[in-house]
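Residue 256 in the numbering used here sits at position 141 of the sequence shown, with consecutive numbering throughout. Just so it is clear, CB atoms sit at the ideal spot from N, CA and C, and this is done for glycine as well. Every value quoted in this text rests on a predicted model; they were computed, and no experiment measured them. So the structure is just underneath, and the comments pick up after that.
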Amino acid sequence: MGSTKILKVLERYPGVGKDKLIPILQEVQEAEGFLGREAVILIGKHLDVPASKIYGVATFYNQFRFEPVGRFHIQICRGTACHVKGSAKLLETLKRELGVEPGRTTRDGMFSIEVVACIGACGLAPAISINGEFHARVTPEEIPVILGNCRKSAQEVS
Numbered sequence: 116m117g118s119t120k121i122l123k124v125l126e127r128y129p130g131v132g133k134d135k136l137i138p139i140l141q142e143v144q145e146a147e148g149f150l151g152r153e154a155v156i157l158i159g160k161h162l163d164v165p166a167s168k169i170y171g172v173a174t175f176y177n178q179f180r181f182e183p184v185g186r187f188h189i190q191i192c193r194g195t196a197c198h199v200k201g202s203a204k205l206l207e208t209l210k211r212e213l214g215v216e217p218g219r220t221t222r223d224g225m226f227s228i229e230v231v232a233c234i235g236a237c238g239l240a241p242a243i244s245i246n247g248e249f250h251a252r253v254t255p256e257e258i259p260v261i262l263g264n265c266r267k268s269a270q271e272v273s
């Protein structure tokens with residue numbers, strides 16, 4: 116299953132050392148969507164580095180995730196403009212509505228939350244992005260409506 120994609124990435128890095136760990140992790144995550152246990156083990160064998168060291172490096176950087184993102188991947192901006200305009204309340208509302216913490220995915224695989232430093236929409240603060248679609252000047256009261264629209268669109272496609 117996933118190991119084919121992982122092995123294809125590793126084939127592009129023959130005979131390399133641990134100095135190539137970050138690019139390999141980035142490419143594997145791009146191919147798989149996340150860094151699963153199997154990926155970490157295969158990368159460790161390829162680089163002759165213990166899996167614990169790979170996890171140590173990967174957990175240091177917030178760009179890496181260890182579970183797949185949801186069908187609706189919500190990025191919430193916590194940059195200065197969004198923070199000043201109330202993104203902390205948006206984050207609390209998302210966590211309460213979805214029952215998951217940032218970096219996690221709902222049990223049904225429908226939603227995931229990712230906190231980002233800036234999504235480049237400062238003039239639209241506070242802003243969230245769902246699968247790359249921006250929502251501007253979002254209020255906590257709008258979060259349930261936005262999530263409901265996502266659920267509705269998922270049902271229409273199914």
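* To do: Could you tell me whether the stretch 197-209 touches the stretch 158-167, using the rule of 3 or more Cβ pairs below 8 Å?
  => Segments in contact, no.
* Asked: Three or more beta-carbon pairs under 8 Å between the stretch 202-222 and the stretch 255-271, yes or no?
  -> Yes: at least three Cβ pairs fall under 8 Å.
* So, do the stretch 164-174 and the stretch 223-234 have three or more beta carbon pairs nearer to each other than 8 Å? -> The stretch 164-174, when compared against the stretch 223-234, does not touch it at the 8 Å Cβ threshold.
* Measure the C-alpha to C-alpha separation of residue 254 and residue 241 and round it to an integer number of angstroms. => When rounded, the distance between both Cα atoms is 8 Å.
* To do: Check residue 243 in the structure and name its three-state DSSP category.
  => DSSP places residue 243 in the strand class (E or B) of the three-state scheme.
* **Cβ-based neighbour list, residue 206, same chain, cut-off 6 Å, excluding 5 preceding and 5 following** => Here the set comprises 191.
* Apart from the five residues on each side of it in sequence, which residues of its chain come closer than 7 Å, Cβ to Cβ, to residue 133? -> Taking C-beta separations shorter than 7 Å and ignoring five residues to either side along the sequence, the partners of residue 133 in its chain run 162, 164, following chain order.
* Is residue 197 helix, strand or coil when you go by DSSP? -> In this structure, residue 197 counts as helix in the three-state DSSP scheme.
* Who are the Cβ neighbours of residue 196 in its own chain at under 7 Å, not counting the five residues just before and after it? -> Closer than 7 Å at the Cβ level, and outside the excluded window around residue 196, lie 237, 240.
* Buried or exposed by the 16-neighbour rule on C-beta atoms within 10 Å, applied to residue 127 -> The residue is exposed, with fewer than 16 neighbouring Cβ atoms inside 10 Å.
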